Amino acid sequence: MSKHFVKNIKIWFSSRKLKQKVRYLFLTIIGGYLILFTIIFMVFIKRSMIDYTLESNYNTMVSIGNNLNSELNTISSMGQLMMADGNISDYLRGDSSKGARYTQKAITSIYDITNAFNYISSVYLYRNDGNYINTSNGITVVNKDVMKEISWYQDIIDAKGGYVLKVNGGGAFYRKSGDTIISFIRIVNDMETQEPIGLMVINLTEDILAGTYKDITSKNKQFYYYDSSLKPVKKFDNMDKLSKITITEDTYNQITIGTFGYEKVLSYYRIPNTPFIIAGIEEMSYLRIIPAQASWIMAALIIITVFSMILIGIFISVSITSPIERLVQSMDVAKEGWLKRVSLKLPDDEIGHLKDSYNNMLVAINRLINELIEKEKSMQKAELDVLQEQVKPHFLYNTLDTIAYLALEDSPDTVYDAIETLGNFYRRFLSKGSSEISIQDEINIVKDYLKLQKLRYEDIFEDKYELQDDLLKIQIPKLILQPLVENSLYHGIRLKGEKGIIKISVFSSSNLLHIVVYDSGIGMNEEQLSQIMLDNNKSFGFKGTMERIQYYYGREDVFEIKSEEGLYTQVDIKIPL
Numbered sequence: 027m028s029k030h031f032v033k034n035i036k037i038w039f040s041s042r043k044l045k046q047k048v049r050y051l052f053l054t055i056i057g058g059y060l061i062l063f064t065i066i067f068m069v070f071i072k073r074s075m076i077d078y079t080l081e082s083n084y085n086t087m088v089s090i091g092n093n094l095n096s097e098l099n100t101i102s103s104m105g106q107l108m109m110a111d112g113n114i115s116d117y118l119r120g121d122s123s124k125g126a127r128y129t130q131k132a133i134t135s136i137y138d139i140t141n142a143f144n145y146i147s148s149v150y151l152y153r154n155d156g157n158y159i160n161t162s163n164g165i166t167v168v169n170k171d172v173m174k175e176i177s178w179y180q181d182i183i184d185a186k187g188g189y190v191l192k193v194n195g196g197g198a199f200y201r202k203s204g205d206t207i208i209s210f211i212r213i214v215n216d217m218e219t220q221e222p223i224g225l226m227v228i229n230l231t232e233d234i235l236a237g238t239y240k241d242i243t244s245k246n247k248q249f250y251y252y253d254s255s256l257k258p259v260k261k262f263d264n265m266d267k268l269s270k271i272t273i274t275e276d277t278y279n280q281i282t283i284g285t286f287g288y289e290k291v292l293s294y295y296r297i298p299n300t301p302f303i304i305a306g307i308e309e310m311s312y313l314r315i316i317p318a319q320a321s322w323i324m325a326a327l328i329i330i331t332v333f334s335m336i337l338i339g340i341f342i343s344v345s346i347t348s349p350i351e352r353l354v355q356s357m358d359v360a361k362e363g364w365l366k367r368v369s370l371k372l373p374d375d376e377i378g379h380l381k382d383s384y385n386n387m388l389v390a391i392n393r394l395i396n397e398l399i400e401k402e403k404s405m406q407k408a409e410l411d412v413l414q415e416q417v418k419p420h421f422l423y424n425t426l427d428t429i430a431y432l433a434l435e436d437s438p439d440t441v442y443d444a445i446e447t448l449g450n451f452y453r454r455f456l457s458k459g460s461s462e463i464s465i466q467d468e469i470n471i472v473k474d475y476l477k478l479q480k481l482r483y484e485d486i487f488e489d490k491y492e493l494q495d496d497l498l499k500i501q502i503p504k505l506i507l508q509p510l511v512e513n514s515l516y517h518g519i520r521l522k523g524e525k526g527i528i529k530i531s532v533f534s535s536s537n538l539l540h541i542v543v544y545d546s547g548i549g550m551n552e553e554q555l556s557q558i559m560l561d562n563n564k565s566f567g568f569k570g571t572m573e574r575i576q577y578y579y580g581r582e583d584v585f586e587i588k589s590e591e592g593l594y595t596q597v598d599i600k601i602p603l
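Each residue of the sequence shown is one higher than the last, beginning at 27 in the numbering used here.
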């Protein structure tokens with residue numbers, strides 16, 4: 027009898043709708059509602075702990091930044107003491123009237139002042155005539171070539187007497203021991219005339235950075251410094267963990283990583299008025315704040331939860347997951363590019379109805395897809411044909427104009443040579459009707475074109491070629507270089523009014539084929555670069571050429587333009603190998 031009863035229950039349950047099945051199952055495991063209390067309990071603990079840790083972390087970061095700025099202000103005060111010192115001022119002015127020992131007096135003054143301050147590695151004072159004095163704790167190497175670079179000196183000038191911080195002096199200073207130094211650099215002005223009389227460089231040990239957080243660091247909380255180029259000032263063990271947070275232009279950011287109960291807060295803070303970024307890792311352990319009795323209760327709730335989830339999982343697997351998986355597997359044939367009807371025996375519930383609706387939809391979708399594919403093919407072919415036709419008459423018009431000019435100005439032999447060159451051009455261009463051409467033939471087309479233009483414009487340009495031989499047989503869309511070369515000549519070289527260079531390079535890098543057209547013409551400004559792909563642009567077929575390449579290779583990033591007004595323009599066509 028019991029077997030018969032169980033069988034009837036199974037028949038009754040299997041005939042219910044999916045929503046009813048779920049409802050009845052949850053009524054049998056009412057104890058599962060305890061999970062809700064567990065979740066609420068843990069969520070509140072987690073949220074409170076995270077909120078507290080994030081706020082505390084932020085305040086700690088700001089405090090470290092304030093500590094660093096406080097130390098730097100102290101160093102700035104030390105620098106002002108040195109600038110106000112009479113012996114140092116006499117040396118920087120080169121005032122030999124103060125006696126033969128004024129250099130030694132200046133060095134003595136540096137020692138007297140710096141001995142009262144921490145973290146001083148070395149001090150350099152440069153006069154305007156290039157002479158300098160220095161004091162140092164340890165061996166400090168100076169790279170004078172770096173200090174002569176305008177880019178190194180410019181931001182110091184821009185500070186207008188204020189200080190500039192550079193890690194290892196921006197490459198100008200480094201310790202022979204390999205330790206990092208922080209260079210505090212400023213222009214020294216005469217106290218009376220306020221005219222620059224020298225340069226002060228105070229090199230600080232990296233301990234000045236570590237000192238800003240030494241009283242805050244613990245086993246569960248570590249901090250590290252990065253410079254403005256996002257390089258760690260000193261290598262550390264947790265670099266792989268900190269790499270999970272991306273340092274952006276934002277002043278401050280935080281993320282949490284890790285598993286429940288042992289999460290970590292990763293954060294960074296751009297310290298104001300410095301080139302430094304402080305990054306930190308702080309561990310959170312909920313187990314430290316949960317009493318032992320509460321832990322046992324939570325463990326019991328977890329066991330109940332796991333058991334309940336197993337029951338629910340079995341039910342979902344049998345009644346929902348398995349039928350859906352079989353339905354999805356049948357639907358996966360759509361990935362092959364064709365939608366086929368699903369033939370499965372499924373229960374008479376929502377999933378079975380979904381299968382029927384899906385099959386009814388397939389016929390209409392397949393028909394619509396076929397229509398769209400044919401329409402798209404026709405539109406794309408017509409678009410490509412139009413783009414190519416735009417190129418042909420444009421080039422022919424300019425070439426015939428050149429030959430007409432030669433007929434009036436030069437000998438018949440020159441005209442014959444021009445016509446023969448034009449014939450060679452179109453023989454390669456037509457390529458037996460093919461839309462593709464080898465790079466070698468494309469280069470030959472450009473050479474023929476430039477040969478014609480040299481007959482007309484004589485010595486206003488020189489063409490150069492840097493070609494990687496093993497790439498020249500690769501097939502590319504026909505006539506993509508000639509419009510770019512024509513733009514280089516007409517919109518670059520000619521308008522500059524002096525002899526220029528047109529250079530074509532072919533090489534490979536990072537699985538990309540690069541075809542580069544460079545000219546030393548008038549270049550373009552930012553506004554002209556932003557307008558280059560617009561329909562109203564006056565360049566010869568540039569937009570059409572780039573669209574052809576994009577369509578041919580099915581990707582947008584097929585070119586890159588670099589230009590500097592008055593110097594050059596470079597178009598780099600990037601084709602996947």
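C-beta atoms are modelled at their ideal positions from N, C-alpha and C, and glycine is treated no differently. Computed from a prediction, not measured in an experiment: that's the story for all the values here.
- If you draw a straight line from the Cα of Ile587 to the Cα of Glu553, it comes to about 13 Å.
- The DSSP-derived three-state label of Ile297 is coil.
- The alpha-carbon separation between Ser103 and Tyr128 amounts to approximately 23 Å.
- Its chain contains Lys569 as the residues whose beta carbon lies nearer than 8 Å to that of Leu560, once the 5 sequence neighbours on both sides are disregarded; these appear in chain order.
- Counting along the chain, Leu191 sits inside the beta strand (DSSP E) bounded by residues Val190 to Val193.
- Non-local beta-carbon contacts of Ile90 in its own chain, meaning distances under 8 Å to residues more than five positions away in sequence, involve Thr238, Tyr239, Ile242, Phe249, Tyr295, Ile297 and Ile304 in chain order.
- In the structure shown, the three-state DSSP call for Lys260 is coil.
- Judged by their CB atoms, Met87 and Tyr251 are not nearer to each other than the 8 Å cut-off.
- In this structure, DSSP gives Gly224 an extended state, which the three-state scheme calls strand.
- For Thr134, the uninterrupted alpha helix (DSSP H) run begins and ends at Tyr128 to Thr140, by DSSP.
- By the neighbour-count definition (other C-beta atoms within 10 Å, threshold 16), Gln280 is a buried residue.
- Setting aside the 5 residues that flank it on each side, Ile114 is surrounded in the same chain by Met108, Ala132 and Ser135, each with a C-beta closer than 6 Å to its C-beta; the list follows chain order.
- Approximately 7 Å separates the beta-carbon atoms of Asp111 and Ile139; this is inside 8 Å, confirming the contact.
- The three-state secondary structure of Phe568, taken from DSSP, is helix.
- Here Tyr158 is near Tyr150, since their CB atoms are less than 8 Å apart.
- By the Cβ neighbour-count rule, Ser148 is buried, with 16 or more other Cβ atoms within 10 Å of its own.
- In this chain, Gln494 is not harboured by any alpha helix (DSSP H), its DSSP state being neither H nor E.
- Collapsing the DSSP output to three states places Tyr578 in a helix.
- When DSSP states are grouped into helix, strand and coil, Val584 belongs to the coil group.
- In the three-state reduction of the DSSP assignment, Glu97 falls in the helix class.
- Ser589 sits buried, since 16 or more C-beta atoms from the chains shown fall within 10 Å of its C-beta.
- The segment 179-193 makes contact with the segment 211-231, as at least three CB pairs between them are under 8 Å.
- Excluding sequence positions up to five before and after Ala444, its CB lies within less than 6 Å of the CB of Ile429, Leu432, Leu478 and Leu481, all in the same chain and listed in chain order.
- Within the DSSP secondary-structure output, Glu590 pairs in a beta bridge with Tyr594.
- When DSSP states are grouped into helix, strand and coil, Ser203 belongs to the coil group.
- Taking C-beta atoms as the reference points, Leu235 and Leu268 fail to come closer than 8 Å.
- Within a 10 Å sphere around the beta-carbon of Asp263 sit fewer than 16 other beta-carbons, which makes this residue exposed.
- When the Cα atoms are used, Ser536 and Leu555 turn out to be separated by approximately 26 Å.
- Between Val259 and Asp253 a beta carbon distance of about 6 Å is seen, short of the 8 Å cut, so the two are scored as contacting.
- In the structure shown, Ala198 adopts coil according to DSSP, grouped into three states.
- Taking C-beta separations shorter than 6 Å and ignoring five residues to either side along the sequence, the partners of Asn83 in its chain run Val291, Ser293 and Glu308, following chain order.
- Between the C-alpha atoms of Met75 and Ile342 there is a straight-line separation of about 35 Å.
- Taking the CA atoms as reference points, Val193 sits about 17 Å from Asp171.
- Contact between the segment 578-587 and the segment 517-529 is not established, with fewer than three Cβ pairs separated by less than 8 Å.
- Of the residues assessed, Pro438 falls on the exposed side of the cut-off, its CB having fewer than 16 other CB atoms within 10 angstroms.
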